[in-house]
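Peer 1: In terms of numbering that gives the first Met the number 0, the sequence shown opens at residue 0 and continues consecutively.
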Amino acid sequence: MNLYNMRKLQIFFLLIAATHLQAQTDSSKMQWFSDAKLGIFIHWGIYAVDGTSESWAFFNNQVPYSKYMQQIKGFKAEKYNPKEWADLIKESGARYTVITSKHHDGVALWNTKMNDLSIPKMAPAKRDVLTPFVNEIRKNDIKVGIYYSLLDWSHPNYTGFRGDSSRYKIKDDTLRWNKFRQFYQGQINELTLAYHPDLYWFDGDWEHSAAEWQSPLVREKILSANPKAIINGRLQGFGDYETPEQNFPVSKPSNGNWELCLTSNDNWGYRPSDHNFKTPYQIISIFADCISMGGNLLLDIGPKADGTIPEEQVHLLKELGKWTKQNEEAIFGTIAGLPQGHFYGPSTLSKDSTVLYLFVAGTNAQNIYLKGLDNKILSAEILGSNQNLMPQIVGKISWSPVPGLVYFEIPETAKTTYMNVIKITLDKPLKLYRGKGGFN
Ligand code: GLC
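#1: On the CB-based measure, 16 or more other CB atoms within 10 Å of its CB, does V393 come out buried or exposed?
#2: Going by CA-CA distance only, name the one from Q365, N387, I423, L431 that's closest to I409.
#3: Does DSSP classify E219 as helix, strand or coil?
#4: Could you tell me whether any non-hydrogen atom of the ligand GLC is closer than 7 angstroms to the CB of H42?
#5: So A56 is in the beta strand (DSSP E); what residue range does that whole segment cover?
#6: Give me the DSSP bridge partner(s) of Q365.
#7: Find out if the Cβ-Cβ distance for the pair I41, I229 is shorter than 8 angstroms.
#8: Distance check for W109 and S153, CA to CA, integer angstroms please.
#9: Which of helix, strand or coil does DSSP assign to K82?
#10: Please confirm whether F358 and E311 have their CB atoms less than 8 angstroms apart.
#11: With burial defined as no fewer than 16 other Cβ atoms inside 10 Å of the residue's Cβ, what is the status of V441: buried or exposed?
#12: At which residues does the alpha helix (DSSP H) containing L444 begin and terminate?
#13: Is the segment 253-269 touching the segment 227-241, taking contact as three or more C-beta pairs under 8 angstroms?
#14: For the candidate residues D49, F57, K435, K414, whose alpha-carbon lies nearest to that of T362?
#15: Using 10 angstroms around the beta-carbon of R433, count the other beta-carbons present and answer buried if the total reaches 16, otherwise exposed.
#16: Sort R161, K138, P428, W322 by Cα distance to A498 and report the nearest one.
#17: With a Cβ-Cβ cutoff of 8 angstroms, do K75 and P123 count as a contact?
#18: Here's the rule I'm using: 16 or more other beta-carbon atoms within 10 Å means buried, otherwise exposed. How should N59 be labelled?
#19: Which residue spans inside the segment 112-177 form an unbroken beta strand (DSSP E) run of at least 3?
#20: Give me, in chain order, the residues of the same chain whose beta-carbon lies closer than 6 angstroms to that of P81; leave out the 5 immediate sequence neighbours on both sides.
#21: Please report the distance separating the alpha-carbon of G105 from that of H314.
#22: Does the Cβ-Cβ distance between P390 and V405 come in under 8 angstroms?
#23: Nearest-angstrom Cα distance between G268 and A304?
#24: Please go through the same chain and pick out, in chain order, the residues whose beta-carbon is closer than 6 angstroms to the beta-carbon of L20, but skip the five residues on each side of it.
#25: Roughly how many angstroms lie between the CA atoms of G203 and S148, to the nearest whole one?
#26: Below 7 angstroms, is the gap between the Cβ of W55 and the nearest heavy atom of the ligand GLC?
#27: Report the option in T191, I45, Y67, L298 whose CA atom is closest to the CA atom of A224.
#28: Given 8 angstroms as the limit, is there contact between the segment 318-336 and the segment 84-101, that is, 3 or more CB pairs closer than that?
#29: Is the CB-CB distance between S214 and L198 below 8 angstroms?
#30: Considering only C-alpha positions, which residue in the set G436, F32, L431, W43 is nearest to N231?
Right under this line is the structure:
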């Protein structure tokens, strides 16, 4: 074989290797996730005792490690009522939930056999607080997501500790790193056997590469035991969807699935000093924007150490629930709406794209309009109000293929606290004109 052919062969094998290194997502297993739209994230851990920031408090030297860990002695969960949690999640309209089984501080909420750092073994709560929640959630037909931090700043065999001090480097002690890998993969295995999660929500992957974590192996082990499981994107390239965090994407982050995880104030866990709660209107408009771009919203709450959920978060979830209930058909089971440029606001479409839903602020009477809609409108109404709207077509030239502008006047009587949804039934699947105007 000459040099040229050898090079070609080399490239061929490299390409094969590269495709095998990408996570292969079976799109059929993603269907429930695409339809689910709303999830509730729960950060519950010992950090709620003093109201410090979850795990980061000692990592960033805001609190000495020993003081941080002392919080475990205050984790009583004496008012914990997992049925109430599940009822509230149901009421919000969420179709899935994700709960922290172990954060970066290494404290497990379930009765892990891999080490002793767990709530059942070390906290006055003295019991597995994860299993009863998972059971209640399943009774409500809500999908179960388990958050698990790959890194573990408390584990003696983990490389990293605080931001300014680490334990060792992998290259200096591969045996020690192997021991840690056995530990963390053993915990994931326990979670698989105990909960058969619908979704594995990993975190903390940034401290090591896919090869160091053995991400392909982790993925393979999960999927061989739990073939329909979805894995979030934090396994160094071996997950099924992207997870932008806090920062709202201006353009669609992915052509596949994605999910924005968002705190309800500025912290993931319970922090009584943080009063910067988002309003229900803000949450609802962010949510509408997510689904408009084909994404999900994973909205976080941080229960207290006694097991109660802060009242501001209860209020948020209840208000969100009223809205999702009224506008259910525009939210769940829909697909991304109009591409940018056709309507100044979020929108969604029925799966066959014959029904268009526009989301507009409900607090004032206003005129809205659509550009480039190359369909006939059969009817238009404000969802949940029995009010029909009459479209007015403006600027249509009879002999030109360019569609006119469609104006709707939303009357004073349609005012509502959060957002209105305008349901527009089209004559056929959505057809858009995206030209430059003029005569063609
Ligand atoms: C970040 C933070 C972590 C939080 C997570 C939620 O990775 O490190 O504390 O749990 O985001 O998405």
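Glycine included, each C-beta is placed from N, C-alpha and C at the ideal position.
For clarity, every value in this text was computed on a predicted model and none was experimentally measured.
Peer 2: Inspection of the coordinates gives the following:
#1: Counting from 1 along the sequence shown, the entry for residue 393 is found at position 394. Classification of V393: exposed, given that the 10 Å Cβ count is below 16.
#2: Walking along the sequence shown from the start, residue 409 turns up at place 410. Ranking Q365, N387, I423, L431 by Cα distance to I409 puts Q365 first.
#3: Start at 1 with the first residue of the sequence shown, and residue 219 comes out as number 220. The answer is helix: DSSP assigns E219 an H, G or I state.
#4: For the purposes of this step, residue 42 is taken as the residue at position 43 of the sequence shown. Result yes, Cβ under 7 angstroms from the ligand GLC.
#5: As a position in the sequence shown, residue 56 is number 57, starting the count at 1. Element bounds for A56: not the beta strand (DSSP E) but the alpha helix (DSSP H), 55-58.
#6: Within the sequence shown, numbered from 1, the residue matching residue 365 stands at position 366. Bridge partners of Q365: I409.
#7: Residue numbering aside, residue 41 sits at position 42 when the sequence shown is read from its first letter. Residue numbering aside, residue 229 sits at position 230 when the sequence shown is read from its first letter. With respect to the 8 angstroms criterion, I41 and I229 are not classified as neighbours on the basis of their beta carbons.
#8: Taking the sequence shown and counting its residues from 1, one reaches residue 153 at position 154. Taking the sequence shown and counting its residues from 1, one reaches residue 109 at position 110. Going from the Cα of S153 to the Cα of W109 covers about 17 angstroms.
#9: For the purposes of this step, residue 82 is taken as the residue at position 83 of the sequence shown. The answer is helix: DSSP assigns K82 an H, G or I state.
#10: Locating residue 358 in the sequence shown gives position 359, counting from the first residue. Locating residue 311 in the sequence shown gives position 312, counting from the first residue. It is not a contact, given that the beta carbons lie outside the stated cut-off.
#11: One cannot answer for residue 441 here, as it falls past the ends of the chain, which runs 0 to 439.
#12: Because the chain is modelled from 0 through 439, residue 444 falls outside the range shown and cannot be assessed.
#13: yes
#14: Here residue 362 is taken as the residue at index 363 of the sequence shown, counted from 1. Comparing Cα positions, the closest option is K414.
#15: If you number the sequence shown from 1, residue 433 lands on position 434. Per the 10 Å Cβ criterion, exposed.
#16: Given that the chain is displayed from residue 0 to residue 439, the structure contains no residue 498 and the question cannot be resolved.
#17: Start at 1 with the first residue of the sequence shown, and residue 75 comes out as number 76. Start at 1 with the first residue of the sequence shown, and residue 123 comes out as number 124. In this structure, P123 lies closer than 8 angstroms to K75 by Cβ.
#18: Here residue 59 corresponds to residue number 60 of the sequence shown, with the count starting at 1. Exposed.
#19: 142-148, 159-161
#20: Counting from 1 along the sequence shown, the entry for residue 81 is found at position 82. So the qualifying residues of the chain are P131, F132, E135.
#21: Translated into positions along the sequence shown, residue 105 becomes position 106. Translated into positions along the sequence shown, residue 314 becomes position 315. Taking the straight line joining both Cα atoms gives about 31 angstroms.
#22: Residue mapping note: residue 390 aligns to position 391 of the sequence shown, counting from 1. Residue mapping note: residue 405 aligns to position 406 of the sequence shown, counting from 1. It is a contact, given that the beta carbons lie within the stated cut-off.
#23: For the purposes of this step, residue 268 is identified with residue 269 of the sequence shown, where counting begins at 1. For the purposes of this step, residue 304 is identified with residue 305 of the sequence shown, where counting begins at 1. Straight-line Cα distance between these residues: approximately 10 angstroms.
#24: Sequence index remark: in the sequence shown, residue 20 carries index 21 (1-based). With a pLDDT of 46 at L20, under the threshold of 50, the modelled position of that residue is not reliable, and the figure given next carries that caveat. None.
#25: If you number the sequence shown from 1, residue 203 lands on position 204. If you number the sequence shown from 1, residue 148 lands on position 149. Distance between the alpha carbons of G203 and S148 is about 5 angstroms.
#26: Locating residue 55 in the sequence shown gives position 56, counting from the first residue. Result yes, Cβ under 7 angstroms from the ligand GLC.
#27: As a first step, residue 224 must be located in the sequence shown, where it is residue number 225. Answer by Cα proximity: T191.
#28: Output reads yes: the segment 84-101 touches the segment 318-336.
#29: Residue numbering aside, residue 214 sits at position 215 when the sequence shown is read from its first letter. Residue numbering aside, residue 198 sits at position 199 when the sequence shown is read from its first letter. Cβ distance not < 8 angstroms, so S214 and L198 don't count as in contact.
#30: As a position in the sequence shown, residue 231 is number 232, starting the count at 1. Measuring from the Cα of N231, the nearest candidate turns out to be F32.
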